[in-house]
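Per my numbering, residue 1131 is the first one in the sequence shown, and the count goes up by one each step. Heads up, the thing below is written out as structure tokens.
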Amino acid sequence: MLDTRFEWKKRVLDLGHYEKISLDEAISLKLNTLVLDEANLNRPLSISLIIPTKIDIENGETRKLELKVLGEVLSECSKLVDLGYLDEIIVIDGSTDSQGKPSYTVLEKVVETASEELGLFKEQIKLLNAYMSERIKAKKGFFDFVLKVVNQFDENMGKVLAKYGAFNVAGRFGVPPGKGAGIWLSTPITIGDVVCFVDSDIKGFKKEFVVGLCHPIIYTKTVEDSAIKYVKAYYHRLTTRLSDKSDVTKLGGRVTRLLAKPLMKVIANHFNVFEGIETFRYPLSGEAALSRDVLEMLRIPYHYGIEISTLLQLCETIGIIPLAQVDLGLFQHIGQSLTGLWKMSEQIIMTLKDHLHSHGIDFSHEDLLKTILSEYEITAKEMLEADANTVETLQNKFEEFIKKKFVFSLEEETERINKYTEIIRALLIKKWLESEGKTLYLPPWRMIEKETDAYFQIREMLRRRSIQSTWSRIHAVGLI
């Protein structure tokens, strides 16, 4: 009989620090893990890495720094390809020019970097230069580059989706702007049984971060399934902006620390929904890995709501037990503008509101709204006090690594909480429109498969188009 004297609360599994994982053992396990293919036969497990990016085209200095950091991320991830851990890298870019047309300059920089850093990619380019037959195959989309680069607004990708009815299922024509839309488009291009995502703005990126995210899924995998289906990163985040003094760094992640974490904790506890979601230590991190079957069942917001929506959907569908988080230590990243952060905050709140609406929760009653806002402010300020204590600890722990002075203003952070409170109030009392929830999301690929009966064709054609895109970028920079 179950002992009811003790209350057991479900929590996300915390795997601890990524350095506990042996790189050599992880690579060996990956290379020797088998899965079942479509014919129910064994084949080696594969891992795909997706790097979504959008580089600033207006600020020349910011653009230069962002391209440099993207190159560093790509360089580290390339080592895992050469070691046999990663089977492919997909860089999906959302850059446009001043006329709103796809801009390929970022992707051209990516293939140039890869041709220097990625041994296998370098050999593939040599092969193309040596044999006309291979160049013809690449131009037609039949040469499987280990690195594929795609602009999410490439009309050749859109034509495939239109031809096979994916836009019909989505209820809109064309791939919309936004990080989520880029990830949605990338999904059918990948071949991985495990798909990993990392952001492109992390300074000092290490290849072991990818292993830390993917290894737990592979480690708990049987031939047919994994006990862990999703792993999310958490870390201490430091922000660098070109507008800041060169000897100064700030405790970053304020949208996570001051908005998402306290608001999710209040919502989960007050309404008893999304059990365990409040135990994620960095719910908005862009670094995660998940099994393919889970990825393909997710509906994906166009925008920055993708991280929080993923967690909410997973809690609703498979529950907190198959989910895990891993400590990636310290991240230094390039900070966004305040305008970008406010926009991100609004998208996150609206995404959370949409999921609450599906549970029959709305905020039309003034008393309920006041209660939620009050609980949010109290919780956010409690967490802020903990952050203040964290700053000194981080300064001492990472002094040699950071080599910069921390700037932390309790007054500035409190003002940010007050601003978030205003945004939450304005968005929660706004009437929820039926069309609003539908147009913010792209449908799960499993739904598209069911409705079109053409997912195999879509995947094959999108992969072919991604190869042709990569060929065009290689050709444009004179590598062939």
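C-beta: ideal position from N, C-alpha, C; glycine also. For clarity, every value in this text was computed on a predicted model and none was experimentally measured.
| Asked | Found |
| --- | --- |
| Own chain, CB closer than 7 Å to R1411, minus 5 neighbours either side, in chain order | Y1364 and Q1455 |
| Exposure of H1345, with buried meaning 16 or more beta-carbon neighbours within 10 Å | buried |
| Own chain, CB closer than 7 Å to K1573, minus 5 neighbours either side, in chain order | According to the sequence shown, residue 1573 is Pro rather than Lys. Contacts found: V1299, A1300 and R1429. |
| Contact set for R1387: own chain, Cβ-Cβ below 7 Å, skip 5 residues either direction | M1513 and D1517 |
| Cβ shell of R1173 (< 7 Å), same chain only, five flanking positions each side left out | L1164, V1165 and D1167 |
| Local Cβ density within 10 Å of H1463, reported as buried at 16 or more and exposed below that | buried |
| Same chain, Cβ closer than 7 Å to E1206, five either side skipped, listed in chain order | F1335, K1336 and K1337 |
| Residue(s) in a DSSP beta bridge with R1603 | Its beta-bridge partners do not exist; DSSP assigns none. |
| Segment contact flag, the region 1141-1149 with the region 1287-1295, C-beta cutoff 8 Å, min 3 pairs | no |
| Assigned exposure category for Y1148 - 16 Cβ within 10 Å defines buried | buried |
| Three or more C-beta pairs below 8 Å linking the region 1233-1249 and the region 1278-1287 | yes |
| Proximity to I1448 [Cα-Cα], best of Y1261, L1248 and V1424 | V1424 |
| Collapsed DSSP secondary structure at T1320 in the structure displayed | coil |
| Beta-carbon proximity check, M1474 vs Y1434, cutoff 8 Å | yes |
| Nearest-angstrom beta carbon gap, F1404 and L1442 [assumed within contact, 8 Å] | 6 Å |
| Residue range of the alpha helix (DSSP H) that includes N1399 | K1391 to F1401 |
| Residues sharing a beta bridge with A1454, DSSP | L1143 and V1361 |
| Under 8 Å between C-beta atoms of L1237 and D1223 | yes |
| Identity of the residue in D1497, S1439, S1494 and S1504 nearest L1482 by Cα | S1439 |
| CA-to-CA distance, I1547 to T1501, given in whole angstroms | 16 Å |
| Inter-residue spacing [alpha-carbon to alpha-carbon] between Y1432 and V1305 | 9 Å |
| Simplified DSSP state of V1353, which is helix, strand or coil | coil |
| Nearest-angstrom Cβ-Cβ length linking V1325 and I1348, presumed shorter than 8 Å | That belief does not hold up - the Cβ atoms of V1325 and I1348 are roughly 12 Å apart, past 8 Å. |
| Whether P1413 touches A1390 by CB criterion (8 Å) | yes |
| Helix, strand or coil at F1339 according to DSSP, with G and I counted as helix | helix |
| First through last residue of the beta strand (DSSP E) which encompasses R1173 | N1172 to P1174 |
| Endpoints, alpha helix (DSSP H) assigned at E1242 | T1235 to E1247 |
| Residue environment, R1302, which counts as buried when at least 16 other CB atoms sit within 10 Å | exposed |
| Coarse secondary structure for S1565, derived from DSSP in three states | Low confidence applies here, because S1565 scores a pLDDT of 46, under 50, leaving its location unreliable and the question unanswered by this model. |
| Bridge partners - F1327, DSSP secondary structure assignment | I1180 and A1418 |
| Minimum C-alpha distance to V1521 - residue among D1217, G1383, D1274 and E1155 | G1383 |
| Simplified DSSP state of S1574, which is helix, strand or coil | Note on identity: in this sequence residue 1574 is Pro, with Ser being the wrong assignment. Three-state DSSP puts P1574 in coil, outside helix and strand. |
| Within 8 Å, strictly: CB atoms of E1417 and M1394 | no |
| Rounded C-alpha distance that separates I1554 from F1339 | 33 Å |
| P1346, DSSP secondary structure in three states | helix |
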